[in-house]
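A.B. asks: Dropping a structure here in structure tokens format, bear with me for questions.
Structure representation (structure tokens):
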């Protein structure tokens, strides 16, 4: 028994459990892709064996905390973040077993305290002689594996057995031939309205139906005026009025006398006083059976076998997830039984009243830009009656219940709120997240941590080298499309005009133009032209620019559906020949979904819709709030389309100045155009000088926009840092290799870059009038500045420190520009507008770079093993060990970033729609990556996997988990982050070649490693 326990709580078992856990959840994502989310939950996530696996992992972790005495003072940092995983798992257990989710639907003017649960249940109730017995069991249905339902209930002195026999998802009825069945006719009736009045129906034996004011009967005559069908040896019909028989292939009509039996047959058309009947099929013996259909909104049909002593019966129940189950009632013996399947109704101790549902749309279109619910919280027990506004990322929290804006009714008179009740689970889990971040951050500076020990052991490196392969990419020229652009000089002049953005800030048109063009095209320039030139051209020549392919469409499937060949579409590509917006239905569907259920395809539709509407607002002049309104106490400015209440002369100027300027530019009269632009500037100074920023601030802002210093800096940081690392590593291998002059030049270039970086931050501070770290972009640029400052501080001790921080600074600036390419230029409340999301993406992306460096160092080390011989084996072995230490340090911080970033993504999701972990494929594969790298960093505790070669080999192949997370999920799996909606995408041929080369590298290096190296296997805590 002791040996068994020692094995269960050993590091070897830990490795097995981690790999098994990673394999299980990775496999679950493919099950979800092929068979649906319910199948993945039933087979993996909600399975008892999966809970047992998590329990064993937790117990193993606790045991190893004591085995390796992590509770000692010098190891507190390691203890804290290892213990945090135990806390997080405990919190998730509370969420799983105590917390619940649901939906609250409210119509305007109504109040409710009821929610519909997200989980589905089978509810059973027995009744006999006034006594009852009830059962309610949470139940998951899946086409691959479902929960078992086989229960026995007792009531009075009777025992009833209930077993789920089978179920049919998306059930629909169909006719099948069955000799035990009855005759059935399938018919089509076409009324006087033509094809629009077509009606498909069936007529069973001994039944009747009213069709187009004609009573049709089969086998019986319920009325003297009925048209009756009958069947003996053939199908016959008798009518109280004359009929006509026509062939479907045409020809003359054959009259059919009234009140006489006539043989009828399928695929003949019978004209009955303007109503035309067609017999599609006739079944002499048939039954209706349920089959699985294509309608995803159709209910699921469950078939139960019920036994009560010698009595046995079958009961069919219909129900579906997210809808309240309707009970089916029957009797078996002397027991009445009702069974229902679906969501349950739960009552809250308070209620919400919907005062108003607000759906904002883009000007000039029907596309929603945001929606919100104005509600009143009514809690009579606490005497609370308070108004709240619920919208995306702005929740209502009361008594542990959290309400999120999820969806709305199609008539826009009702709202659907997601409800989450998980006070204990969320609190414990968030505490675990806090401990995780605290422990990981502390371990990076704790002198007794593995990270610091590795730093001290390295011969040449005191600070870890960080490399980001963010360099590259090609700037292919755009298609040769002739563009009618205004002269640059007039564009620059117009760029100096001040404008009021949708947030009320006053900025140069130059700034808004930059934001608009980046938002629409996802580029800083468009076909080589600066943003302000493109922006003014769109205003001056809207008709021509509606045919320019400039609107970014990031999803290839959506582009194909729209008939767009490249990655950009023209405004007219989104409108059909009838002038209707092609994406209207898709946009409505995307916005009507709950945020947690929106896929990347849905989000791309919403993003493209936003770009289209922004383009429309530029064409119509909606953005041009450039005319002050001195009468408006709120300081709102006019655009050329506004209803103007100013004096007649000013009103005429507001209405006509942009039109006249456009006419002058189109006719080539640039001097006249400048006159109107200068007139607008004078008008602004006359009526808006009190609210405008100073002229010096305006000029600095335009200069800042044009120089674009941060975008220009990050390639230089990355390039200089990358090459400096190469020279320094070469110097390690060849100590006589001269690097002094290289280091000197690099320091001068980086010093100049640092000064320019500082000037850019100072300019942004001056323009905004506040410290430049209030959003994600500013935070990343400031952190990049701090990294480079730290590099210069430590440059005397280690030049690798400067090289590493240069690359890291470039990385942070690169990540900053990921959000910079998606600015907020409209008055939206976007689904993804969250500070948590910005930090989550930045940290996750940074982790990929750290882990990529570990992969590259692993390749370098295996290459060095291949180059090893009797003459250089000792030098190479020594340097490989040194680089391996750097690699382990890099991997450590990469894993920390990946872990923290992943869980911060959970915080964002929880604050947005109330679920911090939903087993979406993207977050699942992020967890797989965490587990893989955790295993690699703990290999040194496992006999047989401790060697330097094993670590470097693992550091190369483990990056495949990152590639799967970043690319594989997007293109090969269905989920919220998927681009291809689960459709298979051909694997590029270079992937196979790369795998083959890496395999050969690994194998050759192994043989040379075994030949020239000997490593005593010692375990380091």
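Residue numbers (UniProt numbering): 1 to 1021. Each residue gets a CB set at the ideal place from its N, CA and C atoms; glycine is no exception. Remember, predicted model here, so these are calculated numbers, not experimental data.
#1: Return the bridge partner residues of residue 105 from the DSSP annotation.
#2: Start and end of the beta strand (DSSP E) containing residue 402?
#3: Which stretch, first to last residue, makes up the beta strand (DSSP E) that contains residue 181?
#4: Pull up the DSSP beta-bridge partners for residue 200, would you.
#5: What's the C-alpha gap between residue 151 and residue 116?
#6: Buried or exposed, going by whether 16 or more other CB atoms sit within 10 Å of the CB of residue 1042?
#7: Does the stretch 392 to 404 come close enough to the stretch 69 to 76 to have 3 or more Cβ pairs within less than 8 Å?
#8: To the nearest angstrom, report how far apart residue 847 and residue 658 are at their CA atoms.
#9: Based on Cα-Cα distance, which residue from 135, 104 and 266 lies nearest to residue 409?
#10: Quick one, which of 540, 254 and 601 has its alpha-carbon nearest residue 666's?
#11: Would residue 506 pass as a contact of residue 517 if the rule is Cβ separation under 8 Å?
#12: Using the three-state DSSP reduction, which class does residue 313 fall into: helix, strand or coil?
#13: Thinking C-beta only, is residue 897 closer than 8 Å to residue 930?
#14: Can residue 926 and residue 965 be called in contact, C-beta distance under 8 Å?
#15: With respect to 7 Å, is the separation between the Cβ of residue 958 and the closest non-hydrogen atom of the ligand GTP below this value?
#16: Which same chain residues, not among the five before or five after residue 641, have their C-beta less than 6 Å away from its C-beta?
#17: Once you ignore the five residues that flank residue 630 on each side, which residues in its own chain have a CB closer than 6 Å to its CB?
#18: Going residue by residue through the stretch 670 to 727, where are the continuous alpha helix (DSSP H) segments of at least 4 residues, counting only ones entirely within it?
#19: To the nearest angstrom, report how far apart residue 372 and residue 39 are at their CA atoms.
#20: How close, in whole Å, do the beta carbons of residue 357 and residue 127 come, if the pair is a contact with beta carbons under 8 Å?
#21: Hey, out of 229, 953, 154 and 438, whose CA is closest to residue 184's CA?
#22: Compare the Cα-Cα distances from residue 955 to each of 917, 1002, 968 and 944 and report the closest residue.
#23: Restricting to runs no shorter than 4 residues, where is the alpha helix (DSSP H) found entirely within the UniProt domain "ResB-like" (75 to 123)?
#24: In angstroms, rounded to a whole number, what distance separates the CA positions of residue 425 and residue 492?
#25: Determine the burial state of residue 983: buried for a count of at least 16 other Cβ atoms within 10 Å of its Cβ, exposed for fewer.
#26: Taking DSSP as the reference, what is the three-state secondary structure of residue 163?
#27: Considering residue 533, what are the terminal residues of the alpha helix (DSSP H) in which it resides?
#28: Would you check if the distance between the CB atom of residue 569 and the CB atom of residue 553 is smaller than 8 Å?
#29: Secondary structure at residue 581, three-state DSSP: helix, strand or coil?
#30: Which one of 15, 97, 572 and 21 has the shortest CA to CA distance from residue 64?
#31: For residue 422, I'd like the list of residues in its chain whose CB is within less than 7 Å of its CB, leaving aside the five on either flank, ordered along the chain.
#32: Hey, out of 548, 578 and 436, whose CA is closest to residue 612's CA?
#33: Alpha carbon to alpha carbon, how far is residue 967 from residue 852? Give it in angstroms, no decimals.
#34: Please state whether DSSP places residue 428 in a helix, a strand or coil.
#35: By DSSP, does residue 148 sit in helix, in strand, or in coil?
#36: Please state the DSSP three-state secondary structure of residue 139.
C.D. replies: Quick look at the numbers:
#1: 416
#2: 401 to 408
#3: 171 to 190
#4: 188
#5: 25 Å
#6: Because residue 1042 is not part of the residues shown, which for the chain are 1 to 1021, the question remains open.
#7: no
#8: 49 Å
#9: 104
#10: Checking every option, the nearest Cα to that of residue 666 belongs to 540.
#11: 8 Å or more divides the Cβ of residue 506 from the Cβ of residue 517.
#12: strand
#13: No.
#14: Judged by beta-carbon spacing, residue 965 lies within the 8 Å limit of residue 926, meaning their Cβ atoms are closer than that value.
#15: Only the bare structure without any ligand can be found here, which leaves the ligand GTP out of the picture.
#16: Same-chain partners within the cutoff: 621.
#17: Around residue 630, the same chain offers 687 as residues with beta carbons nearer than 6 Å, after the five sequence neighbours per side are excluded.
#18: 670 to 688 and 695 to 707
#19: 34 Å
#20: Between residue 127 and residue 357 the Cβ distance is about 41 Å, and since that is not below 8 Å, they are no contact.
#21: 229
#22: Selected option, being the one with the closest Cα: 1002.
#23: If we require 4 residues or more, the alpha helix (DSSP H) runs fully inside the UniProt domain "ResB-like" (75 to 123) come out as 76 to 97.
#24: One Cα belongs to residue 425, the other to residue 492, and the distance between them is close to 56 Å.
#25: Note that residue 983 scores a pLDDT of 43, beneath 50, so its modelled location is shaky; the value from the coordinates is reported in the next line. Under this definition residue 983 is an exposed residue.
#26: strand
#27: Run containing residue 533: 531 to 540, per the alpha helix (DSSP H) assignment.
#28: yes
#29: strand
#30: 15
#31: 95 and 99, listed in sequence order.
#32: It is 548.
#33: 15 Å
#34: helix
#35: coil
#36: coil
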